[in-house]
Amino acid sequence: MNKKPAYLILFILFSFKLIAQETILISGSVVDENNEPVPGVSIMLEGTSHGTITDVSGHFSLRLPKSVNVLILSHVQYNKQQVSIDPNQSSELKIILIESTTRLNDVQVEDKTIIDQEVVTVHKIDAKSAKSLPSTFGDFNKVLVTLPGVSSNNELSSAYSVRGGNFDENLVYVNDIPVYRPFLANAGRQEGLSFVNPDMVSDIEFYAGGWEAKYGDKLSSSLNIEYKEPDSLEAAVTIGLLGGTAYTGGSSDKVSYLIGARHRDSRYLLNTLETKGQYFPTYTDIQTFLTFDLTSDRSVYINKTKLNILASYGRNRYMTEPISQSTDFGSVQRNFRLQTAFEGAEIMRYDTYQLGFRLTHRFNDRLRTHFIGSSLFTREKELFDVEGAYRLCDVNTNPSESSFDQCVVERGIGTNYDYGRNSLNANLYTAESRWEYLLNANSVLEGGVGVTIQDIDDHINEYSYIDSSDYINIKSSIFNDLELNANQYYAYAQSTHLWKDSVHAINAGVRATLWDYNDQLLISPRISYRLAPKWDKITTFKFSVGMYQQPPFYRELRSYDGRLQDNVQAQRSLHFILGSTRLFYMWGRPFLFTSDIYRKQLYDIIPYDVDNVRLRYYPDQTGEGFAQGIDFRVHGEFVKGTQSWFSVSFLQTKENIVGDTYSVYFDPNGNEIYKGQLNQVPSYTEEVREVGWIRRPRDQRINISAYFEDHMPGDPTLRVYLNLVFGSGYPFGPPGNARYRNAFAGDEYYRADVGFSKKFDISINDLFTHIWVRAEVLNALAADNTLSYTWIEDVYGAQFAIPNSLSARFLNIKISAEL
Numbered sequence: 003m004n005k006k007p008a009y010l011i012l013f014i015l016f017s018f019k020l021i022a023q024e025t026i027l028i029s030g031s032v033v034d035e036n037n038e039p040v041p042g043v044s045i046m047l048e049g050t051s052h053g054t055i056t057d058v059s060g061h062f063s064l065r066l067p068k069s070v071n072v073l074i075l076s077h078v079q080y081n082k083q084q085v086s087i088d089p090n091q092s093s094e095l096k097i098i099l100i101e102s103t104t105r106l107n108d109v110q111v112e113d114k115t116i117i118d119q120e121v122v123t124v125h126k127i128d129a130k131s132a133k134s135l136p137s138t139f140g141d142f143n144k145v146l147v148t149l150p151g152v153s154s155n156n157e158l159s160s161a162y163s164v165r166g167g168n169f170d171e172n173l174v175y176v177n178d179i180p181v182y183r184p185f186l187a188n189a190g191r192q193e194g195l196s197f198v199n200p201d202m203v204s205d206i207e208f209y210a211g212g213w214e215a216k217y218g219d220k221l222s223s224s225l226n227i228e229y230k231e232p233d234s235l236e237a238a239v240t241i242g243l244l245g246g247t248a249y250t251g252g253s254s255d256k257v258s259y260l261i262g263a264r265h266r267d268s269r270y271l272l273n274t275l276e277t278k279g280q281y282f283p284t285y286t287d288i289q290t291f292l293t294f295d296l297t298s299d300r301s302v303y304i305n306k307t308k309l310n311i312l313a314s315y316g317r318n319r320y321m322t323e324p325i326s327q328s329t330d331f332g333s334v335q336r337n338f339r340l341q342t343a344f345e346g347a348e349i350m351r352y353d354t355y356q357l358g359f360r361l362t363h364r365f366n367d368r369l370r371t372h373f374i375g376s377s378l379f380t381r382e383k384e385l386f387d388v389e390g391a392y393r394l395c396d397v398n399t400n401p402s403e404s405s406f407d408q409c410v411v412e413r414g415i416g417t418n419y420d421y422g423r424n425s426l427n428a429n430l431y432t433a434e435s436r437w438e439y440l441l442n443a444n445s446v447l448e449g450g451v452g453v454t455i456q457d458i459d460d461h462i463n464e465y466s467y468i469d470s471s472d473y474i475n476i477k478s479s480i481f482n483d484l485e486l487n488a489n490q491y492y493a494y495a496q497s498t499h500l501w502k503d504s505v506h507a508i509n510a511g512v513r514a515t516l517w518d519y520n521d522q523l524l525i526s527p528r529i530s531y532r533l534a535p536k537w538d539k540i541t542t543f544k545f546s547v548g549m550y551q552q553p554p555f556y557r558e559l560r561s562y563d564g565r566l567q568d569n570v571q572a573q574r575s576l577h578f579i580l581g582s583t584r585l586f587y588m589w590g591r592p593f594l595f596t597s598d599i600y601r602k603q604l605y606d607i608i609p610y611d612v613d614n615v616r617l618r619y620y621p622d623q624t625g626e627g628f629a630q631g632i633d634f635r636v637h638g639e640f641v642k643g644t645q646s647w648f649s650v651s652f653l654q655t656k657e658n659i660v661g662d663t664y665s666v667y668f669d670p671n672g673n674e675i676y677k678g679q680l681n682q683v684p685s686y687t688e689e690v691r692e693v694g695w696i697r698r699p700r701d702q703r704i705n706i707s708a709y710f711e712d713h714m715p716g717d718p719t720l721r722v723y724l725n726l727v728f729g730s731g732y733p734f735g736p737p738g739n740a741r742y743r744n745a746f747a748g749d750e751y752y753r754a755d756v757g758f759s760k761k762f763d764i765s766i767n768d769l770f771t772h773i774w775v776r777a778e779v780l781n782a783l784a785a786d787n788t789l790s791y792t793w794i795e796d797v798y799g800a801q802f803a804i805p806n807s808l809s810a811r812f813l814n815i816k817i818s819a820e821l
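Our numbering runs 2 ahead of the 1-based position in the sequence shown.
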């Protein structure tokens with residue numbers, strides 16, 4: 003693979019200080035028209051996110067490069083102002099702001115966030131980049147995989163892992179409304195798209211750890227999405243080989259609307275898989291986001307009372323009739339081949355309805371409240387009846403012989419039979435009240451209470467067995483009806499304080515959660531500190547420590563044998579994160595370098611195995627663990643007028659499961675023998691040993707990713723986009739074998755998706771102003787990536803791990819029209 007992006011990252015990590023431009027230190031004060039100091043004024047360098055805030059005396063100081071000569075000043079009670087800077091000026095600045103309320107007939111004050119201070123490390127992503135990123139289905143979650151600490155080894159799935167956690171440990175909010183993944187999907191090709199519609203997104207915030215107490219009870223990450231509230235008419239339509247999208251938005255006096263629809267048909271791509279057959283996969287969803295300004299007197303304020311409504315419907319239909327599969331594996335010296343002939347079909351379908359709202363009211367300039375409610379209804383069915391007759395053999399690797407590349411020794415033959423008629427209905431409801439109170443320009447108090455109601459019915463009817471040459475092995479057989487009715491109550495309180503010199507900032511809070519299924523009360527204190535030292539105005543340091551506790555959801559409660567465990571405790575994670583952010587300049591343009599070093603101490607964890615994208619938990623077991631690592635990211639305009647970034651992550655995560663043991667057998671001479679050899683010796687002794695510390699399923703030691711955008715010199719309408727991902731292999735092991743669980747390292751995952759686009763300014767009946775023609779080369783390196791392994795036992799009792807490969811190279815064509 004191409005290692006140039008990795009070299010570029012390492013170069014930046016060790017040399018960015020050397021290429022930073024000469025800087026100057028400016029200082030001054032901000033006053034109003036009565037010469038009174040104005041605290042809490044945001045002062046930003048034009049075109050960057052670097053800046054400071056005035057203290058209680060209205061004073062500020064800021065270091066900036068000589069090439070920057072414009073500052074942007076903003077405050078909720080004053081008009082935004084631009085100030086030009088003379089780099090040779092030595093005296094202090096005095097800036098006068100005009101209060102917006104002095105012109106109420108002309109100026110309306112719009113509701114803003116009371117305090118916007120990033121005390122913890124948060125990755126903010128440009129919504130345009132999320133749409134431009136070349137990926138298999140244009141799924142929003144694929145942009146997250148380019149961030150440090152985030153990994154995925156399946157381009158067909160929207161699932162992602164954060165700092166060693168699994169797919170069920172991530173919070174996702176859209177306008178403060180929680181969203182969920184499907185329950186029954188067991189393969190990425192069965193999934194639909196993630197909930198978030200990229201066409202409708204305005205703001206993206208992603209926390210890889212250390213988030214505030216106001217966000218929920220998960221172990222790994224929090225993704226916060228805000229949908230757009232358009233103030234003018236906009237629309238777009240995209241059609242491609244793998245589906246299409248369409249959206250429109252606009253506004254009237256007090257109402258704005260946004261409607262988006264997506265359709266995915268992946269049959270052409272799935273035809274590149276190793277399993278040949280007939281694929282009929284479709285996914286369609288439609289979402290609408292409405293905003294109502296309920297303010298009675300809009301001559302002074304707009305959006306004093308605002309109502310957001312989010313409604314969505316998702317429909318997934320997946321059917322496949324597999325015919326055959328041929329997989330070669332091994333080495334050049336010794337190669338094996340598994341050939342399988344299938345009969346039957348596999349069907350997965352679900353319908354998901356979601357409705358949510360957020361009512362915001364600002365009582366005055368200090369107090370603001372939110373009331374949030376949501377409901378989710380999902381109806382899922384999984385039907386499969388597949389018989390696969392397999393043959394495992396040795397392949398001749400000698401090209402000089404006539405039997406080259408042919409089966410020469412048969413090692414195993416049998417039939418695998420899978421049958422299932424499963425259905426799941428889930429109703430989830432959430433109600434939450436939040437408030438924010440501004441104590442002064444530098445301090446804010448926040449709090450909230452809420453409840454989540456879970457009502458899940460699961461009907462399981464499935465069995466699987468192997469009919470080999472001399473035996474029948476029942477792998478699993480489950481017939482059960484499960485029901486979960488549980489309520490989760492929670493409350494939080496937190497405070498954010500910014501010192502008057504803007505050097506120090508702190509956020510401290512606590513979250514309490516009670517889950518009535520096991521009556522466990524969880525108390526989660528969290529604190530974050532930010533230092534913006536005076537001696538280095540372009541660097542900030544951040545430290546976070548906090549407890550994050552995840553009450554078990556339905557998947558964590560259901561065991562392998564299809565029963566619900568009653569006494570499962572919440573998994574707990576204690577986060578320690580030390581990070582820094584530095585602004586530097588290359589080629590006269592601003593760049594941000596962020597780094598985090600972290601450790602997560604894990605308690606009461608529930609062990610699990612990963613079966614494609616389905617997680618299989620062992621709720622009757624528990625243990626301890628840890629995750630530790632370091633993340634780097636460089637973000638900026640590597641090409642003028644574009645946004646690109648490079649990320650590097652190093653991770654180690656392990657677990658120690660209580661009571662996890664295995665047996666070792668010895669013959670009379672003290673030699674270790676296998677269990678299958680016990681009947682061949684006159685006597686033997688058995689020794690029981692503890693498994694001890696092993697790698698966790700998502701232990702990816704190194705991950706490198708990049709999003710890069712470029713355009714032709716002199717022609718910005720012709721652009722190229724690169725989505726690059728490289729990750730070391732996840733651990734794996736034979737099923738049901740405690741000794742070798744996660745003992746082997748899987749293959750590396752590497753993938754490059756390249757997109758080319760050309761923009762044409764064309765008007766069709768005055769409806770569309772831009773036409774985009776886009777070509778995407780998916781898996782441009784033709785990497786033969788392995789998703790998982792199927793274990794087969796031959797006639798000699800040896801087990802073989804058969805790799806299951808992902809999609810091959812594919813050319814996707816898209817045409818977009820924008821209003």
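Where is the CB? At the ideal position from N, CA and C, for every residue including glycine.
{"query": "Rounded to whole angstroms, what is the Cα-Cα separation between Asn614 and Phe628?", "result": "24 Å"}
{"query": "Are Asn156 and Gly190 close, meaning C-beta to C-beta below 9 Å?", "result": "yes"}
{"query": "Are at least three pairs of beta-carbons, each pair with one atom in the region 701 to 710 and one in the region 650 to 657, less than 8 Å apart?", "result": "yes"}
{"query": "Answer yes or no: do Asp622 and Ser561 have a C-beta to C-beta separation smaller than 9 Å?", "result": "yes"}
{"query": "Under a three-way DSSP split, which group does Thr56 fall into?", "result": "coil"}
{"query": "Going straight from the alpha carbon of Gly242 to that of Val775, what length do you get?", "result": "10 Å"}
{"query": "Whose C-beta lies closer than 6 Å to the C-beta of Gln119 among residues of the same chain, with five residues either side of it excluded?", "result": "For Gln119, the predicted model reports a pLDDT of 49, less than 50, meaning its position is unreliable; a value from the coordinates is still stated below. Correct list, in chain order: Leu500, Ala507."}
{"query": "For Leu516, I'd like the list of residues in its chain whose CB is within less than 6 Å of its CB, leaving aside the five on either flank, ordered along the chain.", "result": "Tyr491, Leu523"}
{"query": "Could you give the DSSP three-state label for Ile116: helix, strand or coil?", "result": "For Ile116, the predicted structure reports a pLDDT of 37, less than 50, and the residue's modelled location is therefore unreliable. A value from the coordinates is still provided. Ile116 falls in the coil class under three-state DSSP."}
{"query": "Any idea if Thr663 is buried or exposed, counting beta-carbon neighbours within 10 angstroms, 16 or more meaning buried?", "result": "exposed"}
{"query": "In three-state DSSP terms, what is Ser765?", "result": "coil"}
{"query": "May I have the straight-line CA-CA distance separating Pro136 from Ala800, to the nearest angstrom?", "result": "42 Å"}
{"query": "Name the one or two DSSP bridge partners that Gly672 has.", "result": "According to DSSP, which records beta bridges pairwise, Gly672 is partnered with nothing at all."}
{"query": "Looking only at its chain, what residues have a beta carbon closer than 8 Å to the beta carbon of Val40, apart from the 5 residues adjacent to it on each side?", "result": "Val32, Val33, Asp34, Thr56, Gly60, His77, Tyr80, Leu99"}
{"query": "Among the residues of its own chain, which have a CB less than 6 Å from the CB of Tyr315, if the five just before and after it don't count?", "result": "Ile288, Tyr355"}
{"query": "Decide if the region 450 to 466 is in contact with the region 420 to 436; the criterion is three or more beta carbon pairs, one per stretch, under 8 Å apart.", "result": "yes"}
{"query": "So, does the region 356 to 370 touch the region 330 to 345, judging by three or more C-beta pairs under 8 Å?", "result": "no"}
{"query": "Going along the chain, which unbroken runs of the beta strand (DSSP E) with 3 or more residues stay wholly within the region 632 to 700?", "result": "646 to 659, 663 to 668, 687 to 692, 695 to 697"}
{"query": "Please classify Thr624: does DSSP put it in a helix, a strand, or coil?", "result": "coil"}
{"query": "For Pro699, count neighbouring C-beta atoms within 10 Å of its own C-beta (all shown protein chains included) and say buried if the count is 16 or more, exposed if not.", "result": "buried"}
{"query": "Using the beta-carbon count (16 or more within 10 Å), is Pro2 buried or exposed?", "result": "In the structure as shown, the chain starts at 3 and stops at 821, and residue 2 therefore has no counterpart that could be examined."}
{"query": "DSSP on Gly548, reduced to helix/strand/coil?", "result": "strand"}
{"query": "Consult DSSP for Ser466 and reduce its assignment to one of helix, strand or coil.", "result": "strand"}
{"query": "Check whether the Cβ atoms of Ala210 and Thr123 lie closer than 9 Å to each other.", "result": "yes"}
{"query": "Please return the same chain residues whose Cβ sits closer than 6 Å to the Cβ of Val722, not counting the five positions on each side in sequence.", "result": "Asp712, Phe758"}
{"query": "Going by the CB atoms, is the gap between Asn781 and Asp749 shorter than 9 Å?", "result": "no"}
{"query": "Helix or strand or just coil, what does DSSP make of Thr148?", "result": "helix"}
{"query": "Quick one, are the C-beta atoms of Tyr162 and Asn177 less than 9 Å apart?", "result": "no"}
{"query": "Under 9 Å between the Cβ atoms of Thr54 and Ser504?", "result": "yes"}
{"query": "When the distance is taken between beta carbons, is Leu158 closer than 9 Å to Val152?", "result": "no"}
{"query": "Check whether the Cβ atoms of Asp141 and Ser196 lie closer than 9 Å to each other.", "result": "yes"}
{"query": "What are the start and end residues of each continuous alpha helix (DSSP H) run of 4 or more residues lying completely inside the region 497 to 531, in chain order?", "result": "none"}
{"query": "Taking the alpha carbon of Val636 as the reference point, which residue from Lys126, Leu27, Leu64, Phe62 has its own alpha carbon closest?", "result": "Lys126"}
{"query": "Based on Cα-Cα distance, which residue from Leu64, Val334, Asn318, Gly346 lies nearest to Ile325?", "result": "Gly346"}
{"query": "Let me check understanding here. Comparing Cα to Cα, which of Ser204, Asn199, Lys220, Asn318 lies closest to Leu604?", "result": "Lys220"}
{"query": "Could you tell me the boundaries of the beta strand (DSSP E) in which Leu260 lies?", "result": "257 to 267"}
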